[in-house]
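See below for the structure under consideration.
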Amino acid sequence: NAGVTQTPKFQVLKTGQSMTLQCAQDMNHEYMSWYRQDPGMGLRLIHYSVGAGITDQGEVPNGYNVSRSTTEDFPLRLLSAAPSQTSVYFCASSYLTGNEKLFFGSGTQLSVL
Amino acid sequence: GENVEQHPSTLSVQEGDSAVIKCTYSDSASNYFPWYKQELGKRPQLIIDIRSNVGEKKDQRIAVTLNKTAKHFSLHITETQPEDSAVYFCAATSFFGNEKLTFGTGTRLTIIP
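Chains as they are written, first to last, in the working numbering: chain A, 2 to 114; chain B, 39 to 151.
Here it is, written out as structure tokens:
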């Protein structure tokens, strides 16, 4: 098993550009989520999904969209990148719920200029 | 929503001594409390978790205690070793109906040889 795979590892955007961060898991996990990590602020939940076709907002959803068309994939879309979205993004999954062990991807370092 | 506060933000201990990291939470309905370790440049990984039906859990040199009345929980690392140097995050969520895991802001633990 590859676990949770995130691409790309690094990305530089200009303000106003859009892009999609990819996340895929091969563990047949129902729960998937996106976090951003900023210095001194810990990990903050952006969006999450409890199964295919179901998504919900987390703590900091503004400026981001998600969809869950398959169990395996949970892409995160930045609609119009802003410097405030410069961060490290982690995708995470767990078997059923958000209340059990999360398996994290390796992260995406995003810089918005 | 849930609010998790974590202290201290940085902690340095001599190798072989014990380290204690404390977290408080605000939502009395929370009943799942995991701890994640993140080594430099790596992804967070679960090291131990506790549910509200127990007051303490141990795994070798690591233990977590929970005080539901006071709404705080702590991570204890005994006989610290250089490989314990990392950032540690506490988190909390409700087991029922709430899939939003809220993280603390992290503690950077440095083990001094």
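A virtual CB, placed ideally from N, CA and C, is assigned to each residue, including glycine.
Proximity test, Cβ basis, 8 Å: residue i and chain A
| i | result |
| --- | --- |
| P82/B | yes |
| L104/B | no |
| L78/B | no |
| L49/B | no |
| G142/B | yes |
| Y63/B | no |
Backbone secondary structure at residue i - three-state DSSP
| i | result |
| --- | --- |
| E117/A | Chain A is shown only over 2 to 114; residue 117/A falls outside these bounds and no answer can be derived. |
| Q86/A | helix |
| E121/B | helix |
| D39/A | strand |
| A108/B | coil |
| T56/A | strand |
| R99/B | coil |
| H48/A | strand |
| K75/B | strand |
| K60/B | strand |
| E43/B | strand |
| D65/B | coil |
| H114/B | strand |
| T143/B | coil |
| Y96/A | coil |
| L80/A | coil |
| E53/B | coil |
Beta-carbon neighbours of residue i, restricted to chain D and to distances below 7 Å
| i | result |
| --- | --- |
| S107/A | Annotation note: the requested chain D is absent from the structure, which comprises protein chains A and B. |
Contact belief for residue i with residue j at Cβ below 8 Å, rounded distance in angstroms
| i | j | result |
| --- | --- | --- |
| F127/B | G43/A | 6 Å |
| N66/A | R78/A | 4 Å |
| T131/B | T118/B | Not quite, the Cβ-Cβ distance comes to about 28 Å (not below 8 Å), so this is no contact. |
| L111/A | T87/A | 6 Å |
Min CB distance residue i to chain B below 8 Å
| i | result |
| --- | --- |
| M28/A | no |
| Y32/A | yes |
| L130/A | Look at the range of chain A in this structure, 2 to 114, and you will see that residue 130/A is not part of it. |
| L111/A | no |
| G41/A | yes |
| Y49/A | yes |
| K102/A | yes |
| T16/A | no |
| G54/A | no |
(message) Taking 8 Å as the cut-off, does the stretch 100-112 of chain B touch the stretch 2-18 of chain A (at least 3 CB pairs, one atom from each stretch)?
(response) no
(message) Under 8 Å, with one C-beta from each stretch per pair, do the stretch 81-94 of chain A and the stretch 48-57 of chain B reach the 3-pair mark?
(response) no
(message) Closer than 8 Å is the cut-off here; do at least three beta carbon pairs connect the stretch 41-50 of chain B with the stretch 25-33 of chain A?
(response) no
(message) Does the stretch 89-101 of chain B come into contact with the stretch 136-148 of chain B, if we say contact requires no fewer than three beta-carbon pairs (one atom in each stretch) closer than 8 Å?
(response) no
(message) Within 8 Å, do at least three Cβ pairs link the stretch 46-62 of chain A to the stretch 12-27 of chain A?
(response) no
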